Each structure stands twice: as structure tokens, then as C-alpha cells.
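Its first residue numbered 1, the sequence shown is counted upward by one per residue in full-length UniProt numbering. Idealized CB from N, CA, C, for every residue including glycine. These numbers were taken from a predicted model, which means no experiment stands behind them. First up is the structure itself, then whatever we jot down about it.
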Amino acid sequence: MPDKRDPFRELDEFLERMNEQFGGIGRSFDTGIRSDIRVDVADHGEDIVVTADLPGFDRDDIEVRLDNGTLVIDAVSEVSDESEEEDDGITYHRRERQQRSVSRRLGLPTEVVGEDTAAAYNNGVLTVTLPKQAPEAASGKRIDIE
Numbered sequence: 001m002p003d004k005r006d007p008f009r010e011l012d013e014f015l016e017r018m019n020e021q022f023g024g025i026g027r028s029f030d031t032g033i034r035s036d037i038r039v040d041v042a043d044h045g046e047d048i049v050v051t052a053d054l055p056g057f058d059r060d061d062i063e064v065r066l067d068n069g070t071l072v073i074d075a076v077s078e079v080s081d082e083s084e085e086e087d088d089g090i091t092y093h094r095r096e097r098q099q100r101s102v103s104r105r106l107g108l109p110t111e112v113v114g115e116d117t118a119a120a121y122n123n124g125v126l127t128v129t130l131p132k133q134a135p136e137a138a139s140g141k142r143i144d145i146e
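Structure representation (C-alpha cells):
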């Protein structure tokens with residue numbers, strides 16, 4: 001059976017170790033690979049359950065999709081970046097909470113049934129339940145040796 005390693009996982013783990021070594025300096029650089037989405041991937045027997053922390057996002061800010069055995073989570077919250085913009089009679093002199101965009105691609109440990117996948121978002125936590133695909137009977141043809 002071929003190895004289903006996610007090559008980006010090793011890179012993400014390397015970046016995490018570097019971030020720990022240098023006290024968070026890695027977060028100042030936007031590499032496009034590093035993600036602030038922390039996840040747990042658990043095997044619950046018949047289902048794979050992915051739990052992701054997405055605090056500060058609304059349900060409508062989050063997109064979840066399954067793409068060739070990879071779970072993709074994207075979240076974008078938009079806030080205007082005008083520093084002295086008036087909003088409902090309030091003048092902001094500093095707005096540090098701007099547009100935020102995070103993304104995570106997860107290679108799944110097994111085949112799943114995409115059409116039966118369910119997702120729920122509650123109190124900043126996204127839970128995606130992916131039913132495992134039943135192992136199919138070996139399909140093939142026996143070849144007799146002459």
C-alpha cells in the first residue's frame with residue numbers, strides 16, 4: 001500500500017519547531033504555508049473527526065471542502081482597513097483587528113465518503129465528521145499460470 005504522507009505536514013512541523021526556537025518570530029512572516037488553524041484528527045471507528053479552532057470567525061466566513069482525499073478549511077473575516085474610518089458614529093484612531101485569512105489542508109488517513117460528510121461550528125470550534133469508506137472487496141481477476 002502506498003505511503004499517504006502529506007508533504008506539507010513535515011514543512012509545517014519544521015516551521016513550528018523554528019517558531020518555538022525563535023520565540024514567535026516566524027509569525028511575522030507570511031509564507032503562505034504556515035497556518036494558525038490548529039486541528040485534531042481523530043479516528044472514531046466508523047468516522048474520521050477533524051476538530052479545528054477558528055475563534056473570531058462567523059459561520060459564513062468559513063469554507064470547508066473535500067478535494068481528492070484532502071480536507072481544505074478556509075476562513076476569511078473582513079474588516080475595513082481605514083484607520084480613521086467612521087463606523088456607526090465611532091471614529092477609529094487605530095484598527096489593528098483587520099482582515100484575517102487562514103487556511104489549512106489536511107491529508108486524511110483513510111478514504112472517506114464525501115457526500116455524507118457533515119460540519120458544525122459552535123463557539124469558535126469547527127467539527128467535521130467524515131464517514132470512512134467501507135473497504136471494498138478485492139476486485140481483480142485471478143491469472144492462472146501455465
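I think residue i touches residue j, with their Cβ atoms under 8 Å apart; what is that distance to the nearest whole Å?
i           : j   : result
D53         : I37 : 7 Å
residue 154 : F14 : With the chain covering 1 to 146 only, the question about residue 154 has no answer from this structure.
L130        : D47 : 6 Å
G114        : G56 : Their Cβ separation, rounded to whole angstroms, is 28 Å, which puts G114 and G56 out of contact at 8 Å.
Classify residue i: buried if its beta carbon has 16 or more other beta carbons within 10 angstroms, exposed otherwise.
i    : result
V112 : buried
L11  : exposed
Return yes when the Cβ of residue j is within less than 9 Å of the Cβ of residue i, no when it is not.
i    : j    : result
L126 : I62  : yes
V49  : V128 : yes
D67  : T110 : no
Output needed for residue i: all residues of its chain with C-beta closer than 6 Å, excluding positions within five of it in sequence on either side, in chain order.
i   : result
D40 : T51
R65 : V72
What residue range is occupied by the uninterrupted beta strand (DSSP E) comprising residue i?
i    : result
A134 : No beta strand (DSSP E) contains A134, which DSSP labels as neither H nor E.
T70  : 70-77
D53  : 47-53
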